[in-house]
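Contents: one structure, followed by commentary.
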Ligand SMILES: [Zn+2]
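Residue numbers (our numbering): 2 to 145.
Right, here's the structure in full:
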């Protein structure tokens, strides 16, 4: 049966409404490329299938058999594992970023405390000098 409004076309992202894979409902989050199918007049949607769903459909339809099927399913599993690893590393990175920000805040707070303590020391040193000068001039006056 010929396709109405164009046949399957390979695209990097689902360009038209609803911009999601009809199989897994994933949009650009799904692994590209996408196969753009015909426009569905009933749904008023453009039908897309992501690369993973195309593989699943091909396996279900028996277009892939034996070793070929194993290879495709194995690759899909590897992709899923890699995606999980990437997600795990991203979570770790986010956590590290948050820790770095916490350390930065703490360092800022400590620097402010240190600064006010330094000012207090300068004040006290000034007082000591003043008291010492006063005592010396009193001593000089008394010795005359
Ligand atoms: Zn899909």
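Quick reminder that beta carbons are idealized off the backbone N, C-alpha and C, glycines included.
Query: Buried versus exposed, by CB contacts within 10 Å (16 or more), residue 124; Result: exposed
Query: Distance cut 7 Å, beta-carbon to ligand 1 heavy atom: residue list by chain order; Result: 22, 24, 25, 27, 31, 50, 51, 53, 54
Query: Which of helix, strand or coil DSSP assigns to residue 39; Result: strand
Query: Reduced DSSP category for residue 44 - H, G, I as helix; E, B as strand; rest coil; Result: coil
Query: Where residue 51 falls: helix, strand or coil (DSSP); Result: strand
Query: Three-way DSSP call (helix, strand, coil) for residue 73 in this model; Result: helix
Query: Residue from 73, 32, 21 with nearest C-alpha to residue 46; Result: 21
Query: Expected contact under 8 Å - CB spacing of residue 73 and residue 60 to nearest Å; Result: 7 Å
Query: Residue 56 classed as buried or exposed, judged by whether at least 16 other C-beta atoms fall within 10 angstroms; Result: buried
Query: Close beta carbons around residue 33, own chain, < 6 Å, minus the five adjacent residues each side; Result: 13
Query: Buried/exposed call for residue 35, threshold 16 Cβ in 10 Å; Result: buried
Query: Neighbour-count burial assignment, residue 37, 16 or more Cβ in a 10 Å radius; Result: buried
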